[in-house]
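**Q** Start counting at 1 in the sequence shown, then tack on 64, and there's your number in the working numbering.
Supplied in structure tokens, the structure appears directly below.
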Amino acid sequence: MVEARAEFGIGTRVLSVSAVGRLDAAAIADGVPGIALMEAAGAAVAERAQVLAQKGGHVLVLCGPGNNGGDGFVAARLLAGKDYPVSLVLLGERGTLKGDAALAAAQWAGPVLAALPGDLDDVSLVIDALFGAGLSRDLDGAALAMVESVRSARLPVLAVDVPSGVDGDSGAVRGAAFEAVETITFVALKPAHLLEPGRSLCGQVHVAQIGAGEAAIAAGLAASMPPLHHNGPDLWREDFPRLTRASHKYTRGHAVIVSGPATKTGAARLAARAALRIGAGLVTLTSPAAALAENAAHLTAIMLRRCEEPDDLDDLLTDERLNVVLLGPGLGVGEPTRDRVAVAASAGRRLVLDADALTSFAGGARHLAGLIAEGGGEAVLTPHAGEFARLFDDTKVMQAGSKVERARAAAALTGAVMVFKGSDTVVAHPDGRAAINDHGTPYLGTAGSGDVLGGLIAGLLAQGMPAFEAACAAVWLHGDAGLRHGPGLIAEDIPELMPTVLRSLT
Ligand SMILES: NC(=O)C1=CN([C@@H]2O[C@H](COP(=O)(O)OP(=O)(O)OC[C@H]3O[C@@H](n4cnc5c(N)ncnc54)[C@H](OP(=O)(O)O)[C@@H]3O)[C@@H](O)[C@H]2O)[C@@H](O)CC1
Ligand SMILES: Nc1ncnc2c1ncn2[C@@H]1O[C@H](COP(=O)(O)OP(=O)(O)O)[C@@H](O)[C@H]1O
Ligand SMILES: [K+]
């Protein structure tokens, strides 16, 4: 879990590595000496180290050749001052240290080792201050050997800024990386604290304040555009549907969920139930004739309507009150599904496209983009990694870099809000706004869980919530239900947890 005790003014924002560099530079230009920022960073590291190391336990500090290493020198000095036995290893020559790192090293009175001690048995905690924002290539040589030794000795690691070897912007591992029990970062979260595999390698993440002022923070925020957010209620609470005394079912929207054929209807019912539970005023499930009995046997408050051909869906959508259509779960892959998507899109409805509605456009993302653009309605697409790869196979989207960049490129190409699912779900708007969600649990990886998510999004869209915020809210609420339930979760449980989840939102 990530503790978002960020610098005042950062709010939900996640900053790129270069933006944090700009922020630091602006703070220094504002009159906060770089060494003061480094002292504050090192002090935050030392404070967490005292929590993590056994009382008076041996702390091994691994310092790199840049400012990340400088933070390590400060932490080592402060811990030694508290009577912790400290060993400090420096990667490279002390004489080549520059700037603030050289100043911090000059304050360290203890020995500087050139390599790991042979015996690591009595080490209580390793502080990883090899590389942070300045990681520029894959780990090799002495750095790689240190990672391997610490990993094989199974020592607890406190990472400074990011675990060394993790790329701060993408969360990718460059060659090898430490696996930390805790990571302490400064000013703001970076993408690697939320994107896999970085997120898992960070352990618990703490954001420490180091004294940057308002103007510096504004410079950092301006340097990280379009904005990337850490998903949470602060991002979308303002836009969340609210009831008034005058609200009634027709003001709460009417979602249409398109069911698959007989024996493939459960996914649509899960979505329909979720749409109703999250507050849509009415939900209609459309069903082929052969699946009507099966659907009817399981539905009560959800209405049922026979829709055999795409034209039947067209007829249904002449009623303007039906404002959202969800297609995909259980629908089957092929032309009939593409035709139904085309009908719903050309009717100008807000769309949620999931599962088979995405796979039916495999390699045809541009065709889908055309349908969405012609209809003029907003769309939310909810691919998991497999569906994403199939849909964007023939495009440059797959080469766009990090998961955030791929989601942004996919959103720009399709003109739709993208919900790129996984343990690190990324929501991206065509204008580049994006959010990473870490509020969830692996218990959500269960059949039908994604169908429920689609229904939650449809239910929020039906109530008029803007598409990006609706997608972010649904992802977070879905995760919250998973966290509340924990072991034994099945997809059916998620809609039933919504009353509890929603009650706790206020
Ligand atoms: N005032 C501030 O800005 C503040 C910054 N703070 C701290 O500074 C950190 C950023 O510091 P930084 O920019 O000096 O980069 P850093 O991560 O130390 O690494 C650069 C060095 O590593 C080297 N190197 C890179 N990859 C390598 C590899 N694979 N294998 C071997 N060597 C490799 C690279 O070599 P080069 O690429 O130049 O050859 C260079 O020498 C940031 O994460 C935070 O902890 C805080 O104190 C708050 C105030
Ligand atoms: N390890 C995990 N941590 C958090 N959320 C997860 C994890 N695994 C899966 N999920 C979530 O569960 C849902 C699964 O959706 P999907 O793969 O479409 O399943 P299905 O097709 O069975 O409905 C997604 O919302 C995904 O983000
Ligand atoms: K580090």
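Glycine is no exception: its CB is placed at the ideal position from the N, C-alpha and C atoms.
Can you pull every residue whose C-beta falls closer than 7 Å to some heavy atom of ligand 3, listed in chain order?
**A** Here the residues come out as Asn-132, Asp-192, Ala-193, Leu-194, Phe-195, Gly-196, Ala-223, Val-224, Asp-225, Val-226, Pro-227, Ser-228.
**Q** Could you round the C-beta distance between Asp-225 and Ala-197 to whole angstroms and report it? I think they count as a contact, below 8 Å.
**A** 6 Å
**Q** Compute every distance between the C-beta of Asp-544 and the non-hydrogen atoms of ligand 1, then say whether any falls below 7 Å.
**A** no
**Q** Enumerate, from N- to C-terminal direction, the unbroken beta strand (DSSP E) stretches of 3 or more residues contained entirely within the segment 180-253.
**A** 187-193, 221-224, 246-250
**Q** Spell out the partners DSSP gives His-122 in its beta bridges.
**A** Val-187
**Q** Note down, in chain order, each residue of its chain lying with its Cβ closer than 6 Å to the Cβ of Ser-213, except the 5 sequence neighbours on either side.
**A** Leu-180
**Q** In terms of alpha-carbon separation, which member of Ser-228, Glu-560, His-431 lies closest to Phe-195?
**A** Taking each of Ser-228, Glu-560, His-431 in turn and checking the Cα distance to Phe-195, the smallest one comes out for Ser-228.
**Q** How big is the Cα-Cα spacing for Ala-68 and Thr-160?
**A** With a pLDDT of 45 at Ala-68, under the threshold of 50, the modelled position of this residue cannot be trusted; read the value that follows with caution. Taking the straight line from one Cα to the other gives about 35 Å.
**Q** Evaluate contact between the segment 443-452 and the segment 482-491, counting only Cβ atoms and requiring at least three cross-stretch pairs below 8 Å.
**A** yes
**Q** When you measure from the CB of Lys-485 to every non-hydrogen atom of ligand 5, does any distance come out below 7 Å?
**A** This structure simply doesn't include ligand 5; it includes ligand 1, ligand 2 and ligand 3 instead.
**Q** Taking all protein chains shown into account, decide if Gln-118 is buried (16 or more other Cβ within 10 angstroms of its Cβ) or exposed.
**A** exposed
**Q** Can you find a heavy atom of ligand 2 that lies under 7 Å from the Cβ of Pro-53?
**A** In the structure as shown, the chain begins at 65 and stops at 570. Residue 53 is therefore absent and cannot be evaluated.
**Q** Which of helix, strand or coil does DSSP assign to Leu-258?
**A** coil
**Q** Could you say which of Ala-476, Asp-420, Gly-440, Gly-439 lies nearest to Gly-450 if we only look at CA atoms?
**A** If you compare the alpha carbons of Ala-476, Asp-420, Gly-440, Gly-439 with that of Gly-450, the shortest gap goes to Asp-420.
**Q** Compare the C-alpha of Leu-517 against each of Gly-496, Thr-505, Ile-558 and name the closest.
**A** Ile-558
**Q** Please name the residue, chosen from Gln-463, Ala-240, Ala-538, His-549, that lies closest to Pro-297 on a Cα-to-Cα basis.
**A** For the residues Gln-463, Ala-240, Ala-538, His-549, the minimum Cα distance to Pro-297 belongs to Ala-538.
**Q** So Ala-91 packs on Ala-280, CB below 8 Å; how close in whole Å?
**A** 4 Å
**Q** Can you name, in chain order, every residue of its own chain whose Cβ lies under 6 Å from the Cβ of Ala-240, other than the five neighbours on each side?
**A** Leu-203, Leu-208, Val-211, Gly-229
**Q** Is the beta carbon of Gly-504 closer than 8 Å to that of Gly-543?
**A** With contacts defined by Cβ atoms closer than 8 Å, Gly-543 and Gly-504 form a contacting pair.
**Q** Taking the C-alpha atoms as reference points, what is the distance between Pro-393 and His-549?
**A** Near 23 Å, if we compare the C-alpha coordinates of His-549 and Pro-393.
**Q** Check whether the segment 361-372 touches the segment 285-296, taking contact to mean three or more Cβ pairs, one atom from each stretch, closer than 8 Å.
**A** no
**Q** Using CA coordinates, which residue listed in Ala-107, Gly-412, Asp-147, Ala-170 is at the minimum distance from Val-271?
**A** If we check each option's Cα against that of Val-271, Ala-107 comes out closest.
**Q** What do you reckon, are the CB atoms on Val-84 and Val-251 nearer than 8 Å?
**A** Yes, Cβ-Cβ distance for Val-84 and Val-251 is below 8 Å.
**Q** Spatial neighbours of Ile-74 within its chain, please: C-beta separation below 6 Å, excluding the five flanking residues on both sides.
**A** Ala-252
**Q** Where do the N-terminal and C-terminal ends of the alpha helix (DSSP H) with Asn-131 fall, by residue?
**A** Residues 131-145.
**Q** Considering Cα atoms alone, identify which of Lys-313, Leu-189, Arg-112, Ala-105 is closest to Pro-149.
**A** Comparing Cα-Cα distances from Pro-149 to each of Lys-313, Leu-189, Arg-112, Ala-105, the minimum goes to Leu-189.
**Q** Let's test the definition: count the other Cβ atoms within 10 Å of the Cβ of Gln-463 and tell me whether it reaches 16, buried, or not, exposed.
**A** The residue in question, Gln-463, is exposed, as its Cβ has fewer than 16 Cβ neighbours within 10 Å.
**Q** Count the other CB atoms, across all protein chains shown, that sit within 10 Å of the CB of Ser-466; report buried if there are 16 or more and exposed otherwise.
**A** buried
**Q** Along the chain, where does the alpha helix (DSSP H) that runs through Ile-321 open and close?
**A** Per DSSP, Ile-321 belongs to no alpha helix (DSSP H); it is in the beta strand (DSSP E), 318-322.
**Q** In the segment 472-509, which residue ranges form an unbroken beta strand (DSSP E) of at least 3 residues, counting only runs that do not cross its ends?
**A** Within the segment 472-509, the complete beta strand (DSSP E) runs of at least 3 residues are 481-484, 490-492, 498-500.
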